[in-house]
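**Student:**
Protein chains in written order, with our numbering: chain P, 1 to 401; chain U, 402 to 930.
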């Protein structure tokens with residue numbers, strides 16, 4: 001009985017937390033639920049979490065309800081005679097099928113969100129995050145800025161054994177650093193995570209999750225914060241003695257403040273090494289980052305597209321698909337005679353722009369201009385004996401982006 | 402013929418005192434040894450939990466330094482899993498499986514003796530660095546977590562080989578015990594005891610024993626690779642040498658997830674014995690219980706990577722492990738529904754074993770719900786390695802596995818000792834345990850969701866209130882276990898005589914022998930109709 005009441009109390013508290021939403025500052029001491037967070041993904045995750053929690057509560061009410069009724073009514077002290085039934089095929093089929101249906105209902109939205117979470121393409125900023133025992137190193141590889149992020153001194157003094165400093169007197173105790181990660185609001189930030197010693201895990205609840213930083217591996221994680229603010233988290237994977245003392249702080253600022261900050265850090269607002277990790281958004285600031293195709297003013301003809309396409313193909317595609325379009329199956333499929341290059345033109349453009357996640361097929365949309373992509377797709381559809389006669393225009397690419 | 406075997410002499414030539422226990426090949430003696438050992442480890446591991454909760458009572462470091470804190474979390478897990486829960490189930494199997502299937506003893510009695518006596522040495526080895534560390538010698542116990550993830554675990558100092566060899570010994574002990582149980586069940590059932598007439602405790606143990614044989618060697622292989630990585634220049638798990646630290650996690654959890662079921666399936670069996678007895682009604686859906694147990698065991702082999710969704714797996718891998726994990730809810734649900742249907746329209750009484758069994762169904766189900774939530778990958782990326790996970794697995798292990806063991810102990814204690822235990826104290830023990838296990842672990846869901854990572858010795862101040870509640874709960878829960886100790890001790894010493902049929906509604910061969918069960922039972926096999 002006490003358990004059931006606890007269960008109900010918790011549901012009530014959780015509902016209260018939901019109602020009070022993310023204005024949690026005043027309520028921080030009794031926070032009981034997952035933060036809604038400030039990214040579209042974190043909000044989806046929160047929704048999934050509440051959905052599944054709700055389903056579990058409904059099942060709990062039914063199962064525990066039946067049990068409690070039984071505990072009240074089917075007791076010997078009431079003089080009842082025990083029944084003798086020992087199975088019911090019908091009941092057993094029902095309570096096998098219904099849970100399966102419920103599970104399918106849970107899995108579909110979960111898979112949908114997961115696919116979006118895993119899509120790290122088309123990021124605006126890439127930051128390489130290297131975890132050390134027990135600090136983080138952030139490297140803005142396109143802007144020439146890098147620095148370490150350590151536990152703030154005030155927390156570090158207070159957290160020593162018998163320090164005599166009251167943790168309550170320290171602002172953001174254990175959740176403050178000397179140099180936070182600074183990112184602009186509304187930008188898709190891609191983190192490339194690795195570690196130099198042991199496994200760590202980069203976690204900021206408000207940004208919708210965590211990802212391990214593993215020595216010898218580069219993991220990807222992305223977030224797009226919709227609100228300016230300071231978001232705090234911690235290392236989540238046991239990484240030794242000071243595992244509890246390597247917080248993560250992300251400072252989400254306006255675009256202007258971000259640019260100012262970059263300059264203050266001695267970096268450049270413009271992308272320095274576009275070839276390494278091309279990004280899309282700063283293109284407005286620095287259009288030079290996407291190489292401009294030769295003679296853009298000229299009329300877009302088949303001959304022009306094929307000649308440009310051949311050189312671009314050899315630069316961007318031939319390493320895998322080979323200069324003769326035969327590819328290296330099964331890993332790298334052939335272009336010559338392929339269903340992709342001779343079939344639906346929309347699908348062909350789509351794979352060129354967006355790539356195919358989980359394979360070596362990269363997304364070329366952020367790397368190449370409309371003209372370049374139009375030339376490549378035209379070339380692929382007319383070279384190697386494909387002869388479809390399709391002329392893809394730069395506008396087609398722009399429309400498909 | 403039966404007269405010659407039945408009039409066995411009374412074993413007056415058997416040794417007494419310590420030598421008796423060292424050399425015994427009797428399943429009841431060995432069962433007792435396992436249970437006493439497990440009880441001792443339960444208190445050792447519990448003391449470590451008290452250190453952890455004392456440090457977490459308030460923000461700031463008051464009692465121990467972070468290194469020692471990590472030693473405590475690591476050792477608490479190893480001691481409770483390998484020293485507390487697993488030997489307790491093996492002890493119960495030793496005592497009860499032969500009695501339940503009408504066998505005179507385990508099939509391999511000397512092996513049985515050996516599999517127990519390995520354990521004290523394994524734990525002496527495991528605990529040595531900790532004890533020496535307390536006296537200022539050496540670097541203390543392993544502190545890399547019970548999951549022993551490289552490269553961190555390779556930073557362990559001189560405690561490292563102690564850890565590896567202790568794990569090897571525990572594994573040998575478990576595999577030998579499992580072989581014995583399988584051989585006994587397969588070969589020594591009384592005439593007429595077909596497989597589908599076996600009590601569920603025997604069934605769940607049969608399946609558990611197969612799990613043990615399949616996965617303990619995998620763990621042994623994994624820790625051996627750790628050993629050679631550390632001392633012999635190999636690079637199985639070291640990226641710098643071309644190895645793969647994530648591979649360890651795959652191998653470890655291929656052991657680790659079946660291990661989770663090794664710790665819960667026998668508890669399912671115990672609860673399936675107890676609920677029909679006190680509901681005075683046959684178990685609902687016996688066949689489906691057996692099939693559900695087998696399905697859970699099978700599924701346990703294809704869900705391991707749900708412990709590591711954050712390592713960066715391919716999308717397809719994440720989806721597969723999510724779906725496979727969710728599927729486990731189906732057979733588990735069948736079991737819970739069957740228990741409820743067994744109670745339904747019964748004539749229940751609420752002696753201590755039944756109270757623990759009912760609490761098991763309630764609280765294990767709550768742990769099941771949080772398990773289902775953890776299977777949802779996008780949400781798991783938030784829950785993973787937070788206190789939500791700590792709350793989840795303590796719900797399935799403490800009010801799950803441990804309550805199952807306690808239910809079994811209260812249920813069969815009169816059969817073992819020949820005395821009734823003190824029912825009042827038993828109920829007091831139950832209510833304190835059931836209330837304070839929730840006070841301890843329920844708030845951990847909240848701090849986990851709010852962002853508190855697990856395995857940290859100190860935390861931000863917004864987590865302080867729930868941590869204080871959790872610590873208070875754990876202290877009372879810990880103290881309440883002293884009542885358990887006293888009840889067992891006093892029941893062994895004396896009390897109201899127990900009859901052969903201890904519980905009016907109980908069925909099974911174990912209730913046909915006198916209480917206490919004589920040293921040798923079923924010298925002549927009973928006939929089961």
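Just so you know, even glycine gets a beta-carbon here, dropped at the ideal spot from N, CA and C.
Note that the structure is predicted; figures quoted are calculated from it, not measured.
1) Just the C-alpha distance for residue 92 of chain P and residue 772 of chain U, rounded to the nearest angstrom, thanks.
2) At which residues does the beta strand (DSSP E) containing residue 149 of chain P begin and terminate?
3) Which residue or residues does DSSP assign as beta-bridge partners of residue 581 of chain U?
4) Spatial neighbours of residue 566 of chain U within its chain, please: C-beta separation below 7 Å, excluding the five flanking residues on both sides.
5) Against chain P, with Cβ distances strictly below 9 Å, would residue 417 of chain U count as a contact?
6) According to DSSP, is residue 898 of chain U helix, strand or coil?
7) Would you list, in sequence order, the uninterrupted beta strand (DSSP E) runs of no fewer than 3 residues that lie entirely inside the stretch 149-198 of chain P?
8) What residues from chain U crowd round residue 76 of chain P, counting only those whose CB sits closer than 8 Å?
9) Where do the ends of the beta strand (DSSP E) carrying residue 998 of chain U lie?
10) When burial is assigned at 16 or more other CB atoms within 10 Å of the CB, is residue 528 of chain U buried or exposed?
11) If you run the structure through DSSP and keep just helix, strand and coil, what is residue 929 of chain U?
12) What number of angstroms, rounded off, separates the C-alpha of residue 202 of chain P from the C-alpha of residue 212 of chain P?
13) Rounded to the nearest angstrom, what separates residue 779 of chain U and residue 928 of chain U at their Cα positions?
14) Given 8 Å as the limit, is there contact between the stretch 150-163 of chain P and the stretch 188-206 of chain P, that is, 3 or more CB pairs closer than that?
15) So, do the stretch 801-820 of chain U and the stretch 900-916 of chain U have three or more beta carbon pairs nearer to each other than 8 Å?
16) Quick check: the Cα distance between residue 487 of chain U and residue 168 of chain P, rounded to an integer number of angstroms?
17) Just verifying my parser: in three-state terms, what is the DSSP assignment at residue 112 of chain P?
18) To which residues does DSSP link residue 220 of chain P through a beta bridge?
19) How about residue 403 of chain P: is its C-beta nearer than 9 Å to some C-beta of chain U?
20) Got a sec: is the Cβ-Cβ distance from residue 107 of chain P to anything in chain B below 9 Å?
21) Please classify residue 84 of chain P as buried or exposed, where buried requires at least 16 other C-beta atoms within 10 Å of its C-beta.
22) Out of U:543, U:878, U:921, U:585, which has the shortest C-alpha to C-alpha gap to residue 512 of chain U?
23) What is the DSSP secondary structure of residue 209 of chain P, reduced to helix, strand or coil?
24) Quick one: Cα of residue 519 of chain U to Cα of residue 553 of chain U, how far?
25) Return the first residue and the last residue of the alpha helix (DSSP H) that residue 132 of chain P is part of.
26) Is residue 42 of chain P helix, strand or coil by DSSP?
27) Using only alpha-carbon positions, find the residue among U:497, U:846, U:871, U:533 that is nearest to residue 768 of chain U.
28) Residues of the stretch 839-852 of chain U with a CB closer than 7 Å to any CB of chain P: list them in chain order, please.
29) Chain P partners of residue 466 of chain U, CB-CB under 7 Å?
30) Find the residues of chain U that neighbour residue 239 of chain P, judging by a C-beta separation of less than 8 Å, and give them in chain order.
31) By the three-class DSSP mapping on this structure, what secondary structure does residue 630 of chain U have?
32) Got a sec: which bits of the stretch 203-237 of chain P sit with their beta carbon under 9 Å from any beta carbon on chain U, in order along the chain?
33) If we require 4 or more residues per run, which alpha helix (DSSP H) segments fall completely within the stretch 505-589 of chain U?
34) Between P:250, P:342, P:140, which lies nearest to residue 405 of chain P when the distance is taken from Cα to Cα?
35) For residue 464 of chain U, name the three-state secondary structure that DSSP assigns.
36) In angstroms with no decimal places, state the Cα-to-Cα distance between residue 270 of chain P and residue 223 of chain P.
**Tutor:** Looking at the coordinates:
1) In the first chain, residue 92 of chain P corresponds to position 92, counting from 1. In the second chain, residue 772 of chain U corresponds to position 371, counting from 1. For residue 92 of chain P and residue 772 of chain U, the distance between alpha carbons rounds to 23 Å.
2) Locating residue 149 of chain P in the first chain gives position 149, counting from the first residue. Residues 145-149.
3) Counted from its first residue, the second chain places residue 581 of chain U at position 180. Looking at the DSSP assignment, residue 581 of chain U forms no beta bridge with any residue, so it has no partner.
4) Residue 566 of chain U sits at position 165 when you count from the first residue of the second chain. Result list for residue 566 of chain U: 526, in chain order.
5) Counted from its first residue, the second chain places residue 417 of chain U at position 16. For residue 417 of chain U, the answer is no, since every Cβ of chain P falls outside 9 Å of its Cβ.
6) Mapped onto the second chain, residue 898 of chain U falls at position 497. Strand at residue 898 of chain U.
7) Within the stretch 149-198 of chain P, the complete beta strand (DSSP E) segments of 3 residues or longer fall at 181-184, 189-195, listed in chain order.
8) Counting from one through the first chain, the residue named residue 76 of chain P turns up at place 76. Per Cβ cutoff of 8 Å: 681, 748, 749, 750.
9) Outside the displayed range of chain U (402 to 930) lies residue 998 of chain U, so it cannot be described from this structure.
10) The residue given as residue 528 of chain U occupies position 127 in the second chain. Looking at its Cβ environment, which holds 16 or more other Cβ atoms inside 10 Å, residue 528 of chain U is buried.
11) Taking the second chain and counting its residues from 1, one reaches residue 929 of chain U at position 528. Residue 929 of chain U falls in the coil class under three-state DSSP.
12) Stepping through the first chain from its first residue, residue 202 of chain P is reached at position 202. Stepping through the first chain from its first residue, residue 212 of chain P is reached at position 212. Straight through space, the alpha carbons of residue 212 of chain P and residue 202 of chain P are spaced by roughly 6 Å.
13) The residue given as residue 779 of chain U occupies position 378 in the second chain. The residue given as residue 928 of chain U occupies position 527 in the second chain. When rounded, the distance between both Cα atoms is 55 Å.
14) The stretch 150-163 of chain P vs the stretch 188-206 of chain P: no contact.
15) A contact exists between the stretch 801-820 of chain U and the stretch 900-916 of chain U.
16) Locating residue 487 of chain U in the second chain gives position 86, counting from the first residue. Locating residue 168 of chain P in the first chain gives position 168, counting from the first residue. Distance between the alpha carbons of residue 487 of chain U and residue 168 of chain P is about 42 Å.
17) As a first step, residue 112 of chain P is located in the first chain; it is residue number 112 there, counting from the start. In the structure shown, residue 112 of chain P sits in a helix (DSSP, three-state: H, G or I).
18) Locating residue 220 of chain P in the first chain gives position 220, where the first residue counts as 1. Per DSSP, P:192.
19) It is not possible to answer for residue 403 of chain P, since the shown part of chain P is limited to 1 through 401.
20) Protein chains in the displayed structure are P and U, and chain B is not among them.
21) If you number the first chain from 1, residue 84 of chain P lands on position 84. The residue is exposed, with fewer than 16 neighbouring Cβ atoms inside 10 Å.
22) Position 111 of the second chain, counted from the start, is the residue given in the question as residue 512 of chain U. It is U:585.
23) Here residue 209 of chain P is taken as the residue at index 209 of the first chain, counted from 1. For residue 209 of chain P, the three-state secondary structure derived from DSSP is strand.
24) Against the second chain, residue 519 of chain U aligns to sequence position 118. Against the second chain, residue 553 of chain U aligns to sequence position 152. Distance between residue 519 of chain U and residue 553 of chain U, taken at the CA atoms: about 28 Å.
25) On the first chain, residue 132 of chain P is found 132 positions in, with the first residue counted as 1. Per DSSP, residue 132 of chain P is not a residue of any alpha helix (DSSP H); the beta strand (DSSP E) it occupies stretches across 125-132.
26) As a working mapping, residue 42 of chain P is identified with position 42 in the first chain. For residue 42 of chain P, the three-state secondary structure derived from DSSP is helix.
27) Taking the first residue of the second chain as 1, we reach residue 768 of chain U at position 367. Ranking U:497, U:846, U:871, U:533 by Cα distance to residue 768 of chain U puts U:846 first.
28) Taking 7 Å as the cut-off between beta carbons, the residues of the stretch 839-852 of chain U near chain P are 839, 843, 847, 850, 851, 852, in sequence order.
29) The residue given as residue 466 of chain U occupies position 65 in the second chain. The answer, in chain order, is 161.
30) Numbered from its first residue, the first chain carries residue 239 of chain P at position 239. Correct list: 553.
31) Here residue 630 of chain U refers to the residue found at position 229 when the second chain is read from its first residue. Correct three-state label for residue 630 of chain U: helix.
32) When C-beta distances to chain U are compared with 9 Å, the residues of the stretch 203-237 of chain P below that value are 203, 204, 205, 206, 208, 209, 210, 211, 212, 214, 215, 216, 217, 218, 219, 220, 221, 232, 233, 234, 235, 236, 237, in chain order.
33) If we require 4 residues or more, the alpha helix (DSSP H) runs fully inside the stretch 505-589 of chain U come out as 510-535, 560-588.
34) It is not possible to answer for residue 405 of chain P, since the shown part of chain P is limited to 1 through 401.
35) Along the second chain, read from residue 1 onward, the residue named residue 464 of chain U stands at position 63. Three-state result, residue 464 of chain U: coil.
36) Here residue 270 of chain P refers to the residue found at position 270 of the first chain. Here residue 223 of chain P refers to the residue found at position 223 of the first chain. About 21 Å.
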